[in-house]
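Participant: Quick note, the sequence shown lines up with residues -27 to -1, 1 to 398 if you use mature numbering (1 follows the signal peptide of the UniProt record, and there is no 0).
A virtual CB, placed ideally from N, CA and C, is assigned to each residue, including glycine.
What follows is a single structure, and I will ask about it in a moment.
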Amino acid sequence: MHPIERLRPVPLLCALIGALYLTPAVAQDATAVPSTAQARPSSLPTLFEAAWQRRPEALSLGTRMSAAEAGREAARRWFAEPPAAEVSLRSDRLNRNDGAREYEAGLAFPLWLPGERALVQRSADAQLGAVSSRARLAQLETAGMLREAWWELQRAAVDLDLAETRLDAARALHGDVTRRQRAGQLALTDANRAGGVLADAQSELAGARSKFARARLALQQLVGRDAALPDAEQLHIEPLPEEAPAIGDSHPALAALLDESAMSRSAAALASKRSRANPELTLGVTRERGEAGARFEQTLTVGIRIPFGAGAQHRSEAGMAMAEAIEHEERAQLERQRLESDLLAAREAQLAAEDRREAAERRATLAEDTLRAIAKSFRLGETSLPDRLLVELEASEARRALAHARIDEAEAISALRQALGLLPQ
């Protein structure tokens, strides 16, 4: 019997699938990047800077900080409000016109209420802290969206690379089977199966390209420019925190709520202090004469103006500010519990991803050792072709699993840093 005919009873479908992974290109590192993604290498820190500069919070941060600083400067003034000038003239020109004249000029100086100046300073400091913490929270939110889009692009790039490799192998296999079928060595059904495998590889590549394009456009929308994977042969993994401490008040999500509460409490204290309008110190100079030809006499007037209180209005303002402070504090407590749960989940996910990566490395190492042994045995005629194809398939699947395991571990580390409130590095 012809040697080819002895292989006919073997299920060719297994051979077709296994042959798709015979090429050594799949054995490259899991971080191999398709050629379409190497136009402009990028990294998480540089992409974060670009994404943050596009956020509305970043564009308005300078103006908000200037406004808060202006509030602090207002607390350093000598008077509660800028002084006001008053000038008046009194004359009898419209009735008797005896030459009576009176000129008066004065200044009014709004005075601070007792303790008001310190409360204004405290309120300005609280506002400045709230502006800063809101900006840090916006940065963390930007980092979260960027990390998700970045690792989705990494995963899509690996799938695209594997799909291209599979298509190349499928084309080579289809050509080989077609030639053998025309030579009478294989049946027409075998050629049809090879064509079906080729069509399936083409479909997989189309889906991988679409997924990669969506992931790349999603990242481009965040950073405002075309972004691609780095050329490095290994994944850029963010530094893993040595220990995951408990969630503290410095976490951006908590700091934003606590600073909002401090600002509301300062506003409530200031509204309670301003139970009436500010008193005014007045200084005036009067120059007058009773009739034409008489000497002008000059007098100096010193006075103080004390407004009555408007208790109901100020109590309303103080009450609303205090209610907001209580609301922010309670929300901070709930947010702390949520962040602690997210941190525990992120830590467990990172440890699990590390274990899966180590297991995938062991599996890939064993599969490669087995493949080398089977290849040598096959050359010596001690192993059949179906056995070798099955080993090739297992080795290829191990490489694919390792590629995804490495990306999953890197993404889990990013998620852990996100849970800790840390920005990309």
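If I follow the unbroken alpha helix (DSSP H) through R90, where does it start and stop?
Facilitator: Element bounds for R90: E89 to R155.
Participant: What beta strand (DSSP E) runs, 3 residues minimum, are completely inside the segment 295 to 337?
Facilitator: With a minimum length of 3 residues, no continuous beta strand (DSSP E) run stays inside the segment 295 to 337.
Participant: Check whether the segment 284 to 294 and the segment 230 to 250 are in contact - that is, three or more C-beta pairs closer than 8 angstroms.
Facilitator: The segment 284 to 294 is in contact with the segment 230 to 250.
Participant: Indicate whether L230 and A340 have their beta-carbon atoms separated by less than 8 angstroms.
Facilitator: No, these two residues do not count as a Cβ contact at 8 angstroms.
Participant: Assuming A374 and A333 are in contact, meaning their beta carbons sit under 8 angstroms apart, how far apart are those beta carbons, in whole angstroms?
Facilitator: A374 to A333, Cβ: 5 angstroms. Contact.
Participant: Looking at C-alpha atoms only, which residue of A122, V258, E211 and E216 is the closest neighbour of V196?
Facilitator: Out of A122, V258, E211 and E216, A122 has the C-alpha closest to the C-alpha of V196.
Participant: Quick check: the Cα distance between E114 and L312, rounded to an integer number of angstroms?
Facilitator: If you take the alpha carbons of E114 and L312, they lie about 14 angstroms apart.
Participant: So, are the CB atoms of H301 and E233 less than 8 angstroms apart?
Facilitator: A contact, by the Cβ cut-off of 8 angstroms.
Participant: Any idea what DSSP makes of R260, helix, strand or coil?
Facilitator: Three-state result, R260: strand.
Participant: Buried or exposed: W124, going by 16 or more other Cβ atoms within 10 Å of its Cβ?
Facilitator: So W124 counts as buried.
Participant: I need the boundaries of the alpha helix (DSSP H) containing F21, first residue and last residue.
Facilitator: Start and end: L17 to Q26.
Participant: Taking all protein chains shown into account, decide if S64 is buried (16 or more other Cβ within 10 angstroms of its Cβ) or exposed.
Facilitator: Its Cβ having fewer than 16 others within 10 Å, S64 is exposed.
Participant: Using DSSP with H/G/I as helix, E/B as strand and the rest coil, what is A73?
Facilitator: Three-state result, A73: coil.
Participant: Could you give the C-beta distance for A48 and A97, rounded to a whole number, given that I count them as a contact under 8 angstroms?
Facilitator: Indeed they touch by this definition, with Cβ atoms about 6 angstroms apart.
Participant: Cα separation between D381 and L126?
Facilitator: Going by the C-alpha atoms only, they are around 12 angstroms apart.
Participant: Between the C-alpha atoms of F269 and N70, what's the straight-line distance to the nearest angstrom?
Facilitator: Their backbone Cα atoms lie some 16 angstroms apart in a straight line.
Participant: Helix, strand or coil for R166? Go by DSSP, reduced to three states.
Facilitator: Residue state, collapsed to three classes: helix.
Participant: Report the partner residues of T272 according to the DSSP bridge assignment.
Facilitator: For T272, which the question treats as bridged, DSSP gives the partners T259.
Participant: Less than 7 angstroms between C-beta atoms, sequence neighbours within five positions excluded: which residues of the same chain meet that for D315?
Facilitator: Closer than 7 angstroms at the Cβ level, and outside the excluded window around D315, lie A392.
Participant: With a threshold of 16 other CB atoms inside 10 Å of the CB of V275, please say whether the residue is buried or exposed.
Facilitator: Exposed.
Participant: How close, in whole Å, do the beta carbons of L146 and V170 come, if the pair is a contact with beta carbons under 8 angstroms?
Facilitator: Rounded, the Cβ-Cβ distance is 7 angstroms, consistent with contact.
Participant: Over what stretch of residues does the beta strand (DSSP E) that includes L62 continue unbroken?
Facilitator: First-last of the beta strand (DSSP E) with L62: A57 to S64.
Participant: State yes or no: is the C-beta of I386 within less than 8 angstroms of the C-beta of E211?
Facilitator: In this structure, E211 lies closer than 8 angstroms to I386 by Cβ.
Participant: Of all the options R335, A58, A388 and S350, which has the alpha carbon lying nearest to the alpha carbon of R372?
Facilitator: Nearest C-alpha to R372: R335.
Participant: Taking C-alpha atoms, which residue in R379, G266, P56 and S33 lies nearest to D328?
Facilitator: For the residues R379, G266, P56 and S33, the minimum Cα distance to D328 belongs to R379.
Participant: Which word fits E355, buried or exposed, when buried means at least 16 other C-beta atoms lie within 10 angstroms of its C-beta?
Facilitator: Label assigned to E355: exposed.
Participant: Helix, strand or coil: which one does DSSP assign to I277?
Facilitator: Strand, per DSSP.
Participant: On a CA-only basis, which of K184, A191, L389 and L227 is nearest L307? Give me that one, please.
Facilitator: The shortest Cα separation from L307 among K184, A191, L389 and L227 belongs to L227.
Participant: Report the three-state DSSP secondary structure of P214 (helix, strand or coil).
Facilitator: Coil, per DSSP.
Participant: Name the DSSP beta bridge partners of L80, please?
Facilitator: Looking at the DSSP assignment, L80 forms a beta bridge with A58 and L256.
Participant: Any heavy atom of the ligand MN closer than 7 angstroms to the Cβ of G257?
Facilitator: This structure does not include the ligand MN; it has no bound ligands of any sort.
Participant: Give the straight-line distance between the Cα atoms of A103 and M236, rounded to the nearest whole angstrom.
Facilitator: Straight-line Cα distance between these residues: approximately 7 angstroms.
Participant: Which of the three DSSP states, helix, strand or coil, is assigned to R49?
Facilitator: Of the three classes helix, strand and coil, the one that applies to R49 here is coil, per DSSP.
Participant: Let's test the definition: count the other Cβ atoms within 10 Å of the Cβ of E321 and tell me whether it reaches 16, buried, or not, exposed.
Facilitator: The residue is exposed, with fewer than 16 neighbouring Cβ atoms inside 10 Å.
Participant: In angstroms, rounded to a whole number, what distance separates the CA positions of P280 and L84?
Facilitator: P280 and L84: Cα-Cα distance of roughly 12 angstroms.
Participant: In angstroms with no decimal places, state the Cα-to-Cα distance between A160 and L366.
Facilitator: Straight-line Cα distance between these residues: approximately 24 angstroms.
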